[in-house]
Amino acid sequence: MYDVIRENPRARWNMASSSNSPCAACKFLRRKCQPECVFAPYFPPDQPQKFANVHKVFGASNVTKLLNELHPHQREDAVNSLAFEADMRLRDPVYGCVGLISVLQHQLRQLQMEISCAKSELSKYQNLGITGHGLIAAAANNYNHQQNLGINLIGGGGGVRDHHHHYHHQFFPRDQQQMIRSFDGGNNYDASLLAMNVSANLQLSQFPQPRAAAGDDRRTIDPS
Amino acid sequence: MSHSTRCAACKSLRKRCPEDCVLAPYFPPTDPQRYACVHKIFGASNTTNMLQQLPMHLRAEAADCISFESRSRVEDPVYGSVGIITQLQEQIITAQSELVKTKGEIAFHNAQQQLQQQQMQQLQMIHAIAQEVEDQPLWLSSSQQDPFPNVNQQLLEDYNYSNTFCGFEF
Chain X
2 MYDVIRENPR ARWNMASSSN SPCAACKFLR RKCQPECVFA PYFPPDQPQK FANVHKVFGA
62 SNVTKLLNEL HPHQREDAVN SLAFEADMRL RDPVYGCVGL ISVLQHQLRQ LQMEISCAKS
122 ELSKYQNLGI TGHGLIAAAA NNYNHQQNLG INLIGGGGGV RDHHHHYHHQ FFPRDQQQMI
182 RSFDGGNNYD ASLLAMNVSA NLQLSQFPQP RAAAGDDRRT IDPS
Chain Z
386 MSHSTRCAAC KSLRKRCPED CVLAPYFPPT DPQRYACVHK IFGASNTTNM LQQLPMHLRA
446 EAADCISFES RSRVEDPVYG SVGIITQLQE QIITAQSELV KTKGEIAFHN AQQQLQQQQM
506 QQLQMIHAIA QEVEDQPLWL SSSQQDPFPN VNQQLLEDYN YSNTFCGFEF
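Sequence lines, in order, name chains X and Z.
Sequential numbering of the first sequence, starting at 2, is according to this note's numbering.
Sequential numbering of the second sequence, starting at 386, is according to this note's numbering.
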């Protein structure tokens, strides 16, 4: 029968229970790893560099004191954060992880400035949305007064002669009537778009629908 | 030779502060708390070793960073400076989301503006067509039609005269 231990004496050490193998800290410190070793749960033997870094920056005794002041359930996070800080300090002996903090703060400041600029640009659009009613109404009224159109685009003009009303029924070819109907885009917007304050689009939904019936089909724009 | 007043480190260690004390320039006795945190987290010998490995012109900054890290660790024994890093990362993620959302809203409004411009152009076209209709002669739009669109007006008068003459009674 093949005797693993005889053939490979080192296997005795490996085949022992895992709790007997020294942790990375005790291996580094060349001491016997006691069962109650405070480092053993957090410095496994397969990660020797982790303890080496922590020891170099903080020292074993300081880490022991730190861990002893914490609850057991906090120790793993504390060890991992200490290992991270030690690693950063060894990579950058001047700034350590403060260098990373500085970079992140700079990045955050940049983002906040960009947000601020974007929000001010957005507010311009939102303000234009409110006053855009007046702009489109004024443009349409301008056409209305100057050219005596039979069409009432925006009903607030009041300068249209009554007998022109039937003109737009008779003399607009069918394709133009289709175009007017297509301006009624307000009904096609869903609530999410309305919620984003795009009320300027609702202007063009106020076009009178061409109908055979006579009567006042003027509509007014809701200035809201 | 030694410093007239001991630095915070040598005071804490209760020893004489030599002239070439590595820590003296960065841990004055006026701020004992600064060194106390460093001593608790890093220890005197580790701090001295870290500063000694650096050129003189970088030691002040390094001492400030070591002091910051040790103070963070004293205030938050579990996460220390890593807690600050984590918080900043979360804030950055939130800010990035907000920026993307705001830029999306701007893009939406841009699209709306372009749509409005297109619609205004179409309005203008309709106005132009309507203007052409308005400019047509009035008789075309009324029920009266010109029965003789191409007749010479003089011929029409001659005809009327001849009819009148023939109807004269002797």
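Glycine included, C-beta positions come from ideal geometry on N, C-alpha and C.
Here the structure is a predicted model, which means the values were calculated and not measured.
Scanning its chain for C-beta atoms nearer than 7 Å, with the 5 sequence neighbours on each side dropped, one finds around Cys392 (chain Z) the residues Cys402, Cys406, Leu408, Ala409, Phe412, Pro413 and Pro414, in chain order. By the CB criterion at 7 Å, Leu123 (chain X) and Thr479 (chain Z) fall outside the cutoff. Taking a beta-carbon distance threshold of 7 Å, Tyr96 (chain X) counts as an interface residue toward chain Z. Met510 (chain Z) counts as exposed, since fewer than 16 other C-beta atoms from the protein chains shown sit within 10 angstroms of its C-beta.
Near chain Z, meaning a CB-to-CB distance below 9 Å, the residues of the region 45-58 of chain X are Lys57 and Val58. Leaving aside the five residues that flank Glu77 (chain X) on each side, the residues in its chain whose CB is nearer than 8 Å to its CB run, in chain order, Pro42 and Tyr43.
By the rule that beta-carbons nearer than 7 Å mark a contact, Gln476 (chain Z) touches chain X.
Note on geometry: alpha-carbon atoms of Ala79 (chain X) and Tyr96 (chain X) lie some 21 Å from one another.
With a threshold of 7 Å between beta carbons, Leu408 (chain Z) makes no contact with chain X. Residues of the region 456-472 of chain Z with a Cβ closer than 7 Å to any Cβ of chain X, in chain order: Pro462, Val463, Tyr464, Gly465, Ser466, Val467, Ile469 and Ile470.
Here Glu86 (chain X) is buried: its Cβ has 16 or more other Cβ atoms, across all protein chains shown, within 10 Å.
One alpha carbon belongs to Gln498 (chain Z), the other to Gln111 (chain X), and they sit about 29 Å apart.
The CB of Lys488 (chain Z) comes closer than 8 Å to the CB of Ala119 in chain X, given here in chain order. When 8 Å is used as the limit between beta carbons, Phe427 (chain Z) is near these residues of chain X: Val58, Phe59, Gly60 and Asn63, in chain order. Rounded to the nearest whole angstrom, the C-alpha separation of Ile116 (chain X) and Leu101 (chain X) is 22 Å.
Along the region 80-111 of chain X, the positions whose C-beta sits under 7 Å from a C-beta of chain Z are Ser82, Phe85, Glu86, Pro94, Val95, Tyr96, Gly97, Cys98, Val99, Leu101, Ile102, Leu105, Gln106, Gln108 and Leu109, read in chain order. The C-alpha of Gln35 (chain X) lies about 9 Å from the C-alpha of Cys27 (chain X). Put simply, the CB of Cys422 (chain Z) is far from chain X, with every gap to its CB atoms at 7 Å or more. The Cβ-Cβ distance between Leu109 (chain X) and Ile451 (chain Z) does not fall below 7 Å.
Of the candidates X:Arg90, X:Leu91 and X:Gln113, X:Gln113 places its Cα closest to the Cα of Glu483 (chain Z). Residue contact with chain Z for Glu77 (chain X): absent (no Cβ-Cβ distance below 7 Å to any residue of chain Z). Between Glu446 (chain Z) and chain X, the shortest Cβ-Cβ separation is below 7 Å. Counting along the chain, Val55 (chain X) sits inside the alpha helix (DSSP H) bounded by residues Pro49 to Val58. Of all alpha-carbon atoms in X:Lys125, X:Val39 and X:Ala25, the one lying nearest the alpha-carbon of Pro73 (chain X) is that of X:Val39. Chain order gives the chain X residues near Leu439 (chain Z) as Pro94 and Val95, where near means a beta carbon separation below 9 Å. Its chain contains Tyr411 as the residues whose beta carbon lies nearer than 6 Å to that of Ala448 (chain Z), once the 5 sequence neighbours on both sides are disregarded; these appear in chain order. Rounded to the nearest whole angstrom, the CA to CA distance from Pro49 (chain X) to Cys24 (chain X) is 9 Å.
The three-state reading of DSSP puts Phe44 (chain X) in coil, since its state is none of H, G, I, E or B. Under the DSSP assignment, Ser466 (chain Z) falls in the alpha helix (DSSP H) whose first and last residues are Ser466 to Asp520. The contact set of Ala394 (chain Z) on chain X, defined by CB atoms closer than 7 Å, is empty, because the minimum CB distance reaches about 15 Å. The CB of Gln481 (chain Z) comes closer than 8 Å to the CB of Leu112 in chain X, given here in chain order. If the five residues before and after Gln437 (chain Z) are omitted, its C-beta is found closer than 6 Å to the C-beta atoms of Val407, all from its own chain and listed in chain order. Sixteen is the threshold: when 16 or more other Cβ atoms of the shown chains lie within 10 Å of the Cβ of Cys395 (chain Z), as they do, the residue is buried. Just measuring C-alpha positions, the residue of Z:Glu454, Z:Gln502 and Z:Leu500 sitting nearest Ser103 (chain X) is Z:Glu454.
Straight through space, the alpha carbons of Arg456 (chain Z) and Tyr420 (chain Z) are spaced by roughly 10 Å.
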